[in-house]
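Just below is one structure, and these are the notes that go with it.
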Amino acid sequence: MIDVQTVSAYARLLHQDRAQAVLACAVCLIVALFQTLVPPYTRPVADAMQYAGMAASLADAMVSDWGRVNEILGTFFGPVYPMFAGVLAVFDADLAQALKCVSQDGAVCDLNGLTALFVVQAALTAFTAFFIFLAARRLTGDVRIAWLTLVIVLATKCFTHYAGLILTETPTFFFVGLFSWMLARILSDPIPARRDAILAGAALAGAALTRASYVYLLYFMVPVIVVWWRVGRGRMWTDTIAAAACFAAGAAAILAPWWIRNYVGFDLAGISGGYGTRVLIERLPYNLMTWREWAISLIYWLPDFGDSLATALFSEEQVRRLSWYHQDSFYMMGRGQFFLDVRAASGAQDNPLGYLLREYVWRDLGKHLAVTLSLALRGQWVGNYASLVGFILLPACVWVLARRGCAGRFLVFCLPPYFMLGLYAFVSVNVVRYNEPLIAVFALSGATVIVHLAAHGVDCLRRIRKQ
Numbered sequence: 001m002i003d004v005q006t007v008s009a010y011a012r013l014l015h016q017d018r019a020q021a022v023l024a025c026a027v028c029l030i031v032a033l034f035q036t037l038v039p040p041y042t043r044p045v046a047d048a049m050q051y052a053g054m055a056a057s058l059a060d061a062m063v064s065d066w067g068r069v070n071e072i073l074g075t076f077f078g079p080v081y082p083m084f085a086g087v088l089a090v091f092d093a094d095l096a097q098a099l100k101c102v103s104q105d106g107a108v109c110d111l112n113g114l115t116a117l118f119v120v121q122a123a124l125t126a127f128t129a130f131f132i133f134l135a136a137r138r139l140t141g142d143v144r145i146a147w148l149t150l151v152i153v154l155a156t157k158c159f160t161h162y163a164g165l166i167l168t169e170t171p172t173f174f175f176v177g178l179f180s181w182m183l184a185r186i187l188s189d190p191i192p193a194r195r196d197a198i199l200a201g202a203a204l205a206g207a208a209l210t211r212a213s214y215v216y217l218l219y220f221m222v223p224v225i226v227v228w229w230r231v232g233r234g235r236m237w238t239d240t241i242a243a244a245a246c247f248a249a250g251a252a253a254i255l256a257p258w259w260i261r262n263y264v265g266f267d268l269a270g271i272s273g274g275y276g277t278r279v280l281i282e283r284l285p286y287n288l289m290t291w292r293e294w295a296i297s298l299i300y301w302l303p304d305f306g307d308s309l310a311t312a313l314f315s316e317e318q319v320r321r322l323s324w325y326h327q328d329s330f331y332m333m334g335r336g337q338f339f340l341d342v343r344a345a346s347g348a349q350d351n352p353l354g355y356l357l358r359e360y361v362w363r364d365l366g367k368h369l370a371v372t373l374s375l376a377l378r379g380q381w382v383g384n385y386a387s388l389v390g391f392i393l394l395p396a397c398v399w400v401l402a403r404r405g406c407a408g409r410f411l412v413f414c415l416p417p418y419f420m421l422g423l424y425a426f427v428s429v430n431v432v433r434y435n436e437p438l439i440a441v442f443a444l445s446g447a448t449v450i451v452h453l454a455a456h457g458v459d460c461l462r463r464i465r466k467q
């Protein structure tokens, strides 16, 4: 026989914030491990092979010759992911052997040796999803929306997809997820919480040391925080400046040692060097598209069905340059002779990046911005149809949240991932995997509208029954 009092006690417990957080975290861990470890592992290719080789070399150096660690890290890649994988390999001989093997072309490798790395990465993706749950709960004040947001995030596998790959995405998204949670706390607090601002800055700095492009988001967020607290919340200038200063201090504490290391050891005033020029050259061929191709691209790059729909509506000649691997595609141009010619021309300049911006971007800025819009649309379709539905529902979501008095903080919460989307579209080919954190926006958008409609439907049924 069911003990009603016991059931009621458990129900009350599950309604407590801390209990729900523990349950959500457990769900995230179980789902992430299942989604990562059950499917067969895939052999690393391209960038993953580079990271594997770098991590294996770092593991060897940390055991035999620490002096080589600094040399191996260099300045091209961020230090977080190679060191993360390298440290794990120091403590797991099978992982070290597997990393060394998969970094070599054509080698026959036992991929099971990568399990330790993938388990830890699965845990990181679980916490990424958990941070989004906490952010959604904080932004909306509705645990139903938070749970549905979490379900959508986990169902899309936007983060766990990368847990079984040797790429920087997993730690990057972990730091971005932590930043998103701290940002949600900052936006929903009635007064500036300096601890949250410090942690937000530190988390974003961690993302920048994993993927250097996030340093620009750091610069962007300082004025955003100032405007939010001064205009959005009407706080005194002293509180506003203190919050922004805490955010900057948290970031500086993490970035400064690496910046000093680069400046002293490599004469580089920055956290990375050499990568920006390369990715911009790969992006420039897209500016060669005709206006007709630009219009077609808005259809072609829709999620899942876009390419087949565009192919059905237009001739093969009109869509082929929009594909990835056709020999005439803009993407392949950026990896072929066009890349070599422009790289050689820019390399002869004192400031290669400045030369590219001056000759290829500012000279026809209107076209570059138009193509940026097209590439931004291509890059935002994370989670396939979940992003399309969430994007369509954004106006309805803002309306629902406006009625609850929290639309402003939701819109500010959307700024960081959309800033990065625009940045990637402006300077790179903007593949979808760069923008996976956008799933937090789209999942929250869809969840908010669905919960609102469900609650409205339940209210209607209750009124009908009373009549």
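If you use our numbering, the sequence shown corresponds to residues 1 to 467, in order.
We put the beta carbon where it would ideally sit given N, CA and C, even for glycine.
Model, not experiment: these values are computed from the prediction.
- Within its own chain, the residues whose Cβ lies closer than 6 Å to the Cβ of E282, once the five positions on either side in sequence are excluded, are G334 and V429, listed in chain order.
- Boundaries of the alpha helix (DSSP H) harbouring P417: A407 to V427, taken from the DSSP string.
- Taken through DSSP and simplified to helix, strand or coil, K157 comes out as coil.
- In the DSSP annotation of this structure, the continuous segment of the alpha helix (DSSP H) that includes L73 starts and ends at G67 to L73.
- Between L218 and P437, the alpha-carbon positions lie close to 16 Å from each other.
- Taking a cut-off of 8 Å on C-beta distances, the region 175-183 does not touch the region 145-152, as fewer than three cross pairs fall below it.
- Distance from the Cα of A21 is smallest, within the candidate group M83, I132 and Y418, for I132.
- For H326, there is no enclosing alpha helix (DSSP H), as DSSP gives it neither H nor E.
- Distance between E71 and A96, taken at the CA atoms: about 19 Å.
- Distance from the CA of G234 to the CA of I225, rounded to the nearest whole angstrom, comes to 12 Å.
- Apart from sequence neighbours up to five positions away, the residues of its chain that approach R409 with a beta-carbon distance below 7 Å are L139, L187 and S188, ordered along the chain.
- Shown here, V431 sits in coil according to DSSP, grouped into three states, outside any helix or strand.
- Distance between W259 and Q121, taken at the CA atoms: about 27 Å.
- For D47, the three-state secondary structure derived from DSSP is helix.
- In the three-state scheme derived from DSSP, where H, G and I count as helix and E and B as strand, G86 is classed as helix.
- Taken through DSSP and simplified to helix, strand or coil, L165 comes out as coil.
- In the structure shown, the three-state DSSP call for F174 is helix.
- For F305, no alpha helix (DSSP H) encloses it, and the DSSP letter there is neither H nor E.
- For Y41, the three-state secondary structure derived from DSSP is coil.
- Collapsing the DSSP output to three states places V108 in coil.
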